[in-house]
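The structure appears right after this line, and notes come after that.
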Amino acid sequence: MISSGRKSLTFRLTLLFASVSTMVLLLLGLLIGSLVVRHFEELDMDLLGGKVELLRLVLKKIHTDQELDALPAQLHDLLVGHRSLAVLVLRPGGETLYLTPGAVFPPELIAGPRTTGLTQWTGRDHRSLRGMIVDAPTGIAGAAPVVLAVSTDLTHHARFMRSFRIALWLVVGVAAFASGFLGWAAVRRGLAPLRDISRSVAGITANRLDQRLSADTIPIELAEVVKTLDEMLARLEVSFHRLSDFSSDLAHELRTPVSNLLTQTQVTLSKSRTIDAYQDVLASNAEEFERLSRMISDMLYLAKSDNNLIVPHREHVDLMAETGNLFEFYEALVEEKGITLSSSGKGSVFGDRLMLRRAINNLLSNAVRHTPEGGKITAIVDDSDVSSITLSVENTGETIAPEQLPRLFDRFYRASASRQSTGEGAGLGLAITRSIAHAHGGEVFAHSDKGLTRFVLTLPA
């Protein structure tokens with residue numbers, strides 16, 4: 024069950040697209056706003072600087088006090104049409120010579136130090152003003168310079184910036200919504216292959232494990248995911264078939280002894296018999312129970328091996344010595360069949376003596392079981408490789424088809440009808456041998472050609 028607090032990938036990517044586009048637009052708007060403000064400052068600098076230069080030129084042409092007294096009328100004519108422009112001219116003594124009606128120049132700015140840049144202040148009605156205050160000399164000989172102040176109203180600037188900010192927020196809002204919607208549509212389209220994969224996987228059941236995902240219409244970014252899923256399905260298919268075959272084989276193998284026990288018991292109970300007859304039946308039943316016990320024990324061993332529960336006890340094991348001891352055990356049996364036993368080589372490994380003895384015994388038992396009368400069994404230990412030691416068990420007899428060799432180590436598998444169990448085993452010996460080899464970090468494989476079958480057990484040196 025998916026937690027309700029978890030957000031979908033579509034939602035998170037959509038939110039990411041909207042957030043990124045909103046942030047970019049905000050930064051772009053702030054940058055544009057800063058550039059506009061700087062542009063306005065430059066325009067005001069050009070305007071005020073031009074007016075100051077014009078007024079300085081007018082003042083330089085004044086050579087008498089009478090001309091200076093007539094300056095207001097002249098300035099009035101010069102400033103016609105400049106509604107946002109204000110001018111203040113102070114005589115050298117601080118007396119106001121000219122002041123644009125309604126204009127305000129703060130006294131502290133007039134009395135303060137002169138700067139070459141613009142100064143901004145707040146006038147009447149809380150309007151922002153920007154101006155320049157300079158000393159301007161006249162053409163009157165020996166006269167001190169007059170104070171010349173020029174300012175412009177920033178109301179139109181403020182109105183434009185207010186409209187700009189409103190437009191910016193509207194554009195950001197619309198763009199955020201649009202980018203979110205487009206991002207949602209793009210993500211939905213981009214994630215469509217994942218939904219196709221999900222639907223395809225949902226349709227795969229235990230009876231349809233042979234189906235594979237199509238990588239033709241999958242984007243390159245998801246090709247590795249599809250490949251991994253196909254490989255997983257292939258492994259599941261193999262494992263499921265093995266499990267199904269194993270279950271069928273197990274049921275078949277258990278059915279035979281149970282059926283024998285049940286039939287023999289029912290026949291025995293069908294009428295009264297002698298004590299000797301009952302003893303014979305019980306002895307026969309005991310053999311079947313022993314077979315069942317061995318099979319169950321082997322299955323438990325393989326189950327532990329599948330779950331990595333087998334931990335070998337490490338000690339030095341002489342493979343040739345263990346093989347020789349097992350040869351002595353099989354001598355009586357091979358003499359009856361006229362089979363020749365031989366061994367050669369030497370080599371020791373670091374492993375579990377009992378487990379390795381069981382693996383060698385399984386290989387020899389398999390060889391003895393399938394070697395015809397008058398055949399030959401040979402065990403060879405090879406330690407020529409510095410990294411591994413091999414134990415080979417060869418026997419003459421029927422050649423096994425190459426396609427059947429890899430399955431010889433599967434549980435209950437038999438290569439042909441002639442190799443069916445005769446009651447001596449349940450078809451688990453080679454599977455146990457492989458699990459022992461894996462527990463020791465080794466491997467076991469088979470080779471059969473021209474009437475000679477060889478099982479090779481490879482172990483780390």
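Using the numbering used here, the first residue of the sequence shown is number 24, and each one after it goes up by one. Where a beta carbon is used, it is the ideal one built from N, C-alpha and C, also for glycine.
For this session: Could you pull the start and end residues of the alpha helix (DSSP H) that serine 223 belongs to?
Result: Residue numbering aside, residue 223 sits at position 200 when the sequence shown is read from its first letter. Counting along the chain, the alpha helix (DSSP H) containing serine 223 begins and ends at 215 to 225.
For this session: Evaluate the contact criterion for the region 140 to 157 versus the region 86 to 97: three or more CB pairs, one atom per stretch, below 8 angstroms.
Result: By the Cβ rule, the region 140 to 157 does not count as touching the region 86 to 97, because fewer than three pairs are nearer than 8 angstroms.
Exercise. Just to confirm, are proline 160 and leucine 108 a CB contact at a threshold of 8 angstroms?
Worked result: Taking the first residue of the sequence shown as 1, we reach residue 160 at position 137. Taking the first residue of the sequence shown as 1, we reach residue 108 at position 85. With contacts defined as CB atoms closer than 8 angstroms, proline 160 and leucine 108 fail to qualify as a contacting pair.
Exercise. Among residues of its own chain, excluding the 5 on either side of glutamate 313, which ones have a beta-carbon nearer than 7 angstroms to its beta-carbon?
Worked result: For the purposes of this step, residue 313 is taken as the residue at position 290 of the sequence shown. Cβ within range, chain order: n/a, list empty.
For this session: Taking serine 410 and proline 335 to be in contact with their CB atoms under 8 angstroms, please state how far apart those CB atoms are, rounded to whole angstroms.
Result: The residue given as residue 410 occupies position 387 in the sequence shown. The residue given as residue 335 occupies position 312 in the sequence shown. Actually they do not touch by this definition, with Cβ atoms about 18 angstroms apart.
Problem set entry | Contact set for asparagine 385: own chain, Cβ-Cβ below 7 angstroms, skip 5 residues either direction | Start at 1 with the first residue of the sequence shown, and residue 385 comes out as number 362. Taken in chain order, the residues that qualify are Gly452, Leu453, Ile455 and Thr456.
For this session: Report the three-state DSSP secondary structure of phenylalanine 435 (helix, strand or coil).
Result: Mapped onto the sequence shown, residue 435 falls at position 412. For phenylalanine 435, the three-state secondary structure derived from DSSP is coil.
Exercise. Whose CA, out of Ala229, Val170, Gly464 and Thr228, lies closest to the CA of glycine 117?
Worked result: Residue mapping note: residue 117 aligns to position 94 of the sequence shown, counting from 1. When Ala229, Val170, Gly464 and Thr228 are compared, the shortest CA-CA separation from glycine 117 is found for Val170.
Exercise. Should glycine 154 go down as buried or exposed, given a rule of 16 or more other Cβ atoms within 10 Å for buried?
Worked result: As a first step, residue 154 must be located in the sequence shown, where it is residue number 131. When all chains shown are included, glycine 154 counts as buried.
For this session: Assign phenylalanine 128 to buried or exposed, taking buried as 16 or more other Cβ atoms, counted over all protein chains shown, within 10 Å of its Cβ.
Result: Counted from its first residue, the sequence shown places residue 128 at position 105. Looking at its Cβ environment, which holds 16 or more other Cβ atoms inside 10 Å, phenylalanine 128 is buried.
For this session: Taking all protein chains shown into account, decide if asparagine 418 is buried (16 or more other Cβ within 10 angstroms of its Cβ) or exposed.
Result: Translated into positions along the sequence shown, residue 418 becomes position 395. Here asparagine 418 is buried, its C-beta having at least 16 other C-beta atoms within 10 Å.
For this session: Can you have a look at leucine 318 and say buried or exposed, based on whether 16 or more other CB atoms are within 10 angstroms of its CB?
Result: The count along the sequence shown starts at 1 and reaches residue 318 at position 295. Strictly speaking, residue 318 in this sequence is methionine, with leucine absent from that position. In summary, methionine 318 is buried, with 16 or more beta-carbon neighbours lying within 10 Å of its beta-carbon over all protein chains present.
Exercise. DSSP state of lysine 399, grouped into three classes?
Worked result: For the purposes of this step, residue 399 is identified with residue 376 of the sequence shown, where counting begins at 1. Reduced to three states, the DSSP call for lysine 399 is strand.
For this session: Determine the contact status of methionine 343 and lysine 360, defining contact as a CB-CB distance below 8 angstroms.
Result: Locating residue 343 in the sequence shown gives position 320, where the first residue counts as 1. Locating residue 360 in the sequence shown gives position 337, where the first residue counts as 1. Contact check for methionine 343 against lysine 360 fails: the beta carbons are separated by 8 angstroms or more.
Exercise. For leucine 152, is the classification buried or exposed, using 16 other Cβ atoms within 10 angstroms of its Cβ as the cut-off for buried?
Worked result: As a first step, residue 152 is located in the sequence shown; it is residue number 129 there, counting from the start. With 16 or more other Cβ atoms within 10 Å, it is buried.
Problem set entry | As assigned by DSSP and simplified to three states, the class of glutamine 364 | By one-based count along the sequence shown, residue 364 stands at place 341. First, the amino acid is wrong: residue 364 is leucine here, not glutamine. Leucine 364: strand per DSSP, three-state reduction.
Exercise. With a cut-off of 8 angstroms, do at least 3 Cβ pairs link the region 283 to 296 to the region 252 to 269?
Worked result: They do not touch, by the three-pair rule.
Exercise. Which residue or residues does DSSP assign as beta-bridge partners of leucine 171?
Worked result: As a working mapping, residue 171 is identified with position 148 in the sequence shown. Per DSSP, the beta-bridge partners of leucine 171 are Val112 and Val157.
For this session: Write down every uninterrupted run of the beta strand (DSSP E) in the region 35 to 117 whose length is 3 residues or greater and which is fully enclosed by it, in chain order.
Result: Listed in chain order, the complete beta strand (DSSP E) runs (minimum 3 residues) inside the region 35 to 117 are 108 to 113.
Exercise. How big is the Cα-Cα spacing for leucine 323 and arginine 381?
Worked result: Taking the sequence shown and counting its residues from 1, one reaches residue 323 at position 300. Taking the sequence shown and counting its residues from 1, one reaches residue 381 at position 358. Inter-residue distance for leucine 323 and arginine 381 is about 15 angstroms (C-alpha atoms, whole angstroms).
Exercise. Which stretch, first to last residue, makes up the beta strand (DSSP E) that contains glycine 465?
Worked result: Here residue 465 corresponds to residue number 442 of the sequence shown, with the count starting at 1. No residue range can be given for glycine 465, since it is assigned to no beta strand (DSSP E) and is classified by DSSP as neither H nor E.
For this session: Can you check DSSP and say which residues form a bridge with threonine 419?
Result: Here residue 419 refers to the residue found at position 396 of the sequence shown. For threonine 419, which the question treats as bridged, DSSP gives the partners Leu475.
Problem set entry | Min CB distance arginine 211 to chain B below 8 angstroms | In the structure shown, chain B cannot be found, because there is only a single protein chain.
Exercise. Where does arginine 442 fall in DSSP's three states?
Worked result: The sequence position of residue 442 within the sequence shown is 419, counting from 1. Confidence is the limiting factor: at arginine 442 the pLDDT is only 46, short of 50, which leaves the residue's position unreliable and the question unanswerable from this model.
For this session: Provide the residue span of the beta strand (DSSP E) that contains histidine 339, from first to last.
Result: As a position in the sequence shown, residue 339 is number 316, starting the count at 1. Where histidine 339 is concerned, the enclosing beta strand (DSSP E) stretches over 338 to 341.
Exercise. Mapping DSSP to helix, strand and coil, what is alanine 484?
Worked result: Taking the sequence shown and counting its residues from 1, the one referred to as residue 484 is at position 461. Looking at alanine 484 - three-state DSSP - the assignment turns out to be coil, as it is neither helix nor strand.
Problem set entry | leucine 113 versus isoleucine 163 - alpha carbon distance | By one-based count along the sequence shown, residue 113 stands at place 90. By one-based count along the sequence shown, residue 163 stands at place 140. Counting only the Cα atoms, isoleucine 163 lies some 15 angstroms from leucine 113.
Exercise. Rounded to whole angstroms, how far is the Cβ of valine 194 from the Cβ of threonine 33, which I believe are closer than 8 angstroms?
Worked result: For the purposes of this step, residue 194 is identified with residue 171 of the sequence shown, where counting begins at 1. For the purposes of this step, residue 33 is identified with residue 10 of the sequence shown, where counting begins at 1. Not quite, the Cβ-Cβ distance comes to about 25 angstroms (not below 8 angstroms), so this is no contact.
Exercise. For aspartate 176, which beta-bridge partners are listed by DSSP?
Worked result: Taking the sequence shown and counting its residues from 1, the one referred to as residue 176 is at position 153. Bridge pairing for aspartate 176: Leu152 [DSSP].
For this session: To the nearest angstrom, report how far apart valine 60 and serine 223 are at their CA atoms.
Result: As a position in the sequence shown, residue 60 is number 37, starting the count at 1. As a position in the sequence shown, residue 223 is number 200, starting the count at 1. Here the C-alpha atom of valine 60 lies approximately 59 angstroms from the C-alpha atom of serine 223.
Exercise. Shortest alpha-carbon distance to alanine 105 belongs to which of Gly226, Val47, Asp176 and Ala172?
Worked result: Against the sequence shown, residue 105 aligns to sequence position 82. Just to set this straight, residue 105 is histidine in the shown sequence, not alanine. With distances taken between Cα atoms, histidine 105 lies closest to Asp176.
For this session: Would you check if there are 3 or more beta carbon pairs closer than 8 angstroms linking the region 466 to 475 to the region 420 to 440?
Result: Here the region 466 to 475 makes contact with the region 420 to 440; the two share three or more CB pairs at distances below 8 angstroms.
Problem set entry | serine 295 - partner residues in DSSP beta bridges | For this step, residue 295 is matched to residue 272 along the sequence shown. Per DSSP, none; premise fails for serine 295.
Exercise. Which same chain residues, not among the five before or five after leucine 475, have their C-beta less than 7 angstroms away from its C-beta?
Worked result: Your numbering for residue 475 matches position 452 in the sequence shown. Here the set comprises Glu417 and Thr419.
Exercise. What span of residues does the beta strand (DSSP E) with leucine 122 cover, start to end?
Worked result: As a first step, residue 122 is located in the sequence shown; it is residue number 99 there, counting from the start. In the DSSP assignment, leucine 122 falls within the beta strand (DSSP E) that extends over 119 to 122.
Problem set entry | Burial state of threonine 445 (16 or more Cβ within 10 Å) | Here residue 445 is taken as the residue at index 422 of the sequence shown, counted from 1. Model confidence at threonine 445 stands at a pLDDT of 45, short of 50, so the residue's coordinates are unreliable; what they give is reported in the following sentence. With fewer than 16 other Cβ atoms inside 10 Å of its own Cβ, threonine 445 counts as exposed.
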